[in-house]
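Novice: Take a look at this one; I'll ask things after.
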Amino acid sequence: MIKKMSPSENDFDIPAKNCCRMVILGSTKVGKTAIVSRFLNGRFDEEKYTPTIEDFHRKLYSIKGDVYQLDILDTSGNHPFPAMRRLSILTGDVFILVFSLDNRDSFQEVQRLKQQIIETKSCLKNKTKENIDVPLVICGNKGDREFYREVQKEEIEQLVAGDEQCAYFEISAKRNTNVDQMFQTLFTMAKLPNEMSPDLHRKVSVQYCDMLRSKSLKNKNKKDNGDAYGIVAPFARRPSVHSDLMYIKEKAIGGQGKDKERCTIS
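Using this note's numbering, the letters of the sequence shown map in sequence onto residues 8 to 273.
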């Protein structure tokens with residue numbers, strides 16, 4: 008997917024195939040933001056709950072000489088604007104659907120979301136005539152509250168049965184149980200490097216951006232077998248709704264030309 012990058016960051020030259028948008032969906036209070044916090048910072052924030060309107064994050068990687076960009080869209084559980092949720096689905100490349108094991112209503116919402124993703128992506132597929140795969144992981148969060156469990160494994164297995172692009176994990180963002188394994192599986196399904204998972208690369212500060220940019224410019228035809236490392240972009244801004252709509256329009260009419268084959272930070 009082509010993304011418009013933050014003007015405050017250094018210039019990069021990243022192939023579009025190395026750019027990915029992860030969309031996290033689910034009801035309120037199921038732990039979506041806690042999962043994102045684990046992914047980006049390795050922390051679990053136990054402060055008072057604050058509803059998410061929509062949060063956007065970006066992480067850059069250097070893996071074996073290639074540079075990757077992962078955009079993360081942490082969506083609202085209230086979804087007050089259905090059109091915005093549909094746009095998030097249309098522009099998403101990989102999805103994490105989160106429910107709470109102690110809340111049956113949140114599991115039913117995940118069932119609806121999975122169906123909506125399939126229907127929305129199928130609509131785009133019919134217009135583009137492309138084979139659109141939708142790598143998707145369903146997370147039963149709050150595994151640390153097993154005593155209060157309301158959703159049984161048999162019900163969940165029925166939801167994911169027969170779908171090779173859908174996996175299920177019972178996790179605990181609080182205890183950091185199965186979180187890394189979940190991300191590894193998602194990236195494998197999306198044909199992205201496993202090293203993008205939090206436990207498989209070195210976390211470095213933003214000061215390493217110059218080194219990352221140097222690798223993107225100098226190592227285009229040279230593979231580096233060194234360590235993988237990742238940087239959380241500190242001032243990343245969500246691409247505008249207009250740019251997302253233009254991306255969908257161009258994709259639907261087959262208007263992507265050579266000038267859109269790379270993802271850049273400008």
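Backbone N, C-alpha and C define an ideal beta-carbon position, used for all residues, glycine too.
Note that the structure is predicted; figures quoted are calculated from it, not measured.
(1) Leaving aside the five residues before and after S34 along the sequence, list all residues of the same chain whose C-beta is less than 6 Å from its C-beta, in chain order.
(2) Do L108 and V144 have their C-beta atoms closer together than 8 Å?
(3) What does DSSP give as the partner residues of L252 in its beta bridges?
(4) Pull up the distance between the alpha-carbon of I272 and that of Q123, whole angstroms please.
(5) Check whether the Cβ atoms of M196 and A174 sit closer than 8 Å, and answer yes or no.
(6) Give me the Cα-Cα distance between E61 and S44, rounded to the nearest whole angstrom.
(7) Given a cut-off of 8 Å, decide if G38 and V105 are closer than it, judged by their beta-carbon atoms.
(8) What are the start and end residues of each continuous alpha helix (DSSP H) run of 4 or more residues lying completely inside the stretch 62-102, in chain order?
(9) Please report how far the alpha carbon of P246 lies from the alpha carbon of A259, in whole angstroms.
(10) Give the DSSP-derived three-state secondary structure of M8 in the structure shown.
(11) Start and end of the alpha helix (DSSP H) containing I163?
(12) Applying the criterion that 16 or more other CB atoms from any shown protein chain within 10 Å of the CB defines a buried residue, is A168 buried or exposed?
(13) Does the distance from the C-beta atom of D73 to that of R28 stay below 8 Å?
Specialist: In brief:
(1) G84, S113 and E116
(2) no
(3) Per DSSP, none; premise fails for L252.
(4) For I272, the predicted model reports a pLDDT of 48, less than 50, meaning its position is unreliable; a value from the coordinates is still stated below. Approximately 32 Å, taken between the alpha carbons.
(5) yes
(6) 14 Å
(7) yes
(8) 89-98
(9) 19 Å
(10) In this prediction, M8 has a pLDDT of 47, which is less than 50 and means its spatial position is unreliable; what the coordinates show is noted afterwards. Looking at M8 - three-state DSSP - the assignment turns out to be coil, as it is neither helix nor strand.
(11) K160 to V167
(12) exposed
(13) no
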